[in-house]
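Reviewing the structure listed below.
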Amino acid sequence: MGGLPDHSRMSSHSPAIALLAAGLLFAASASSSAEEVEIHKSGKPWGSADAYRVGEDFYLPAKTAARLYGGQLYWYAVRGEVRISFRGRQLVLTKDSTSALVDGRSAALKLPMIVRAGNAFIPIDFLCAKEFSAIVGVDSRFDAGVRRLVVDARSTVGPVRWFSYPESTRVVLELDERHRFQTVERGQSGLDLSVPNGTLDGPRRVDVSDGVVEYFQLEQESKLARLTLKAGPASSGYKIMELRNPHRVVIDFTRSRDMILEEKNRR
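In terms of numbering that gives the first Met the number 0, the sequence shown has 207 at position 208, counting the first letter as 1, and numbering is strictly consecutive.
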């Protein structure tokens, strides 16, 4: 009848509740933590990053990922969305979503992007996926045992080869399937072939010096790969073909008829 409520039963359970809460807190702290990840890029130490670990999975701060892979980061905290632009190609990730937009195409994620303390973290598993590699032009490998992320440039342009024939000299440049190319004439005997977003293993120059082609040179620039060709005095022009399986550009420099006849007479 009336009176104050009996708190004896409630108080008897309070130690158990407190222990349960403490156990849950300990389990949460044990399953997630800040971890330092060592990063190597192109065979050299790049630095380290304060990654986030959840169980056996590691996440890299979106800021660090953008800087590491040469992207421009846009973080929309209110809607939990990250956009990173890589030379015009966009990656879009959304908090807790298991899909991403990679250069306009949907890609499934094994792990979603997470947000901690107002900062976005990208799963390192995705940074090592082929979909991500395709837009950044590098391959990534992660060794969780030693907490090391290795980033290596992946060549999408090259190799370049040449063949000298009695009537022509052929230069062949291999390309990744997704690449397109542009050509510009330089003066009376020069030709530039550029590949936007193309990446090389390294530069190469070959002095052909067969009269038809003086030299060709393959170089890496900030947003493209460039093949420069210089025709020789015996060249009467060139023809460009794009072939598939494998994807390649073929440039045939024709030897002038006068030079062909002159060489025949010498024999």
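Just so it is clear, CB atoms sit at the ideal spot from N, CA and C, and this is done for glycine as well.
Item, Value
"Which listed residue (Pro122, Ser208, Arg115 and Leu190) has its alpha carbon closest to that of Ala107", "Pro122"
"Same chain only: Cβ atoms within 6 Å of Pro111, ignoring 5 sequence neighbours per side", "Asp95, Ser96 and Thr97"
"Between the CA atoms of Ser235 and Gln181 - distance to the nearest angstrom", "22 Å"
"Residue from His178, Val137 and Gly197 with nearest C-alpha to Lys222", "Gly197"
"Proximity winner among Arg78, Ala64, Asp251 and Val207, relative to Phe125 (alpha-carbon distances)", "Ala64"
"Coil, strand or helix - Thr253 by DSSP", "strand"
"Three-pair Cβ contact test at 8 Å for the stretch 61-75 versus the stretch 128-138", "yes"
"At least three beta-carbon pairs within less than 8 Å, the stretch 177-191 to the stretch 84-92", "no"
"Closest Cα partner of Ile113 within the set Glu173, Leu226, Trp74 and Val194", "Trp74"
"Same chain, Cβ closer than 7 Å to Ala76, neighbours up to 5 away in sequence not counted", "Gly117"
"Backbone CA spacing between Val211 and Ile239 [nearest angstrom]", "15 Å"
"Beta-carbon proximity check, Leu59 vs Phe120, cutoff 8 Å", "yes"
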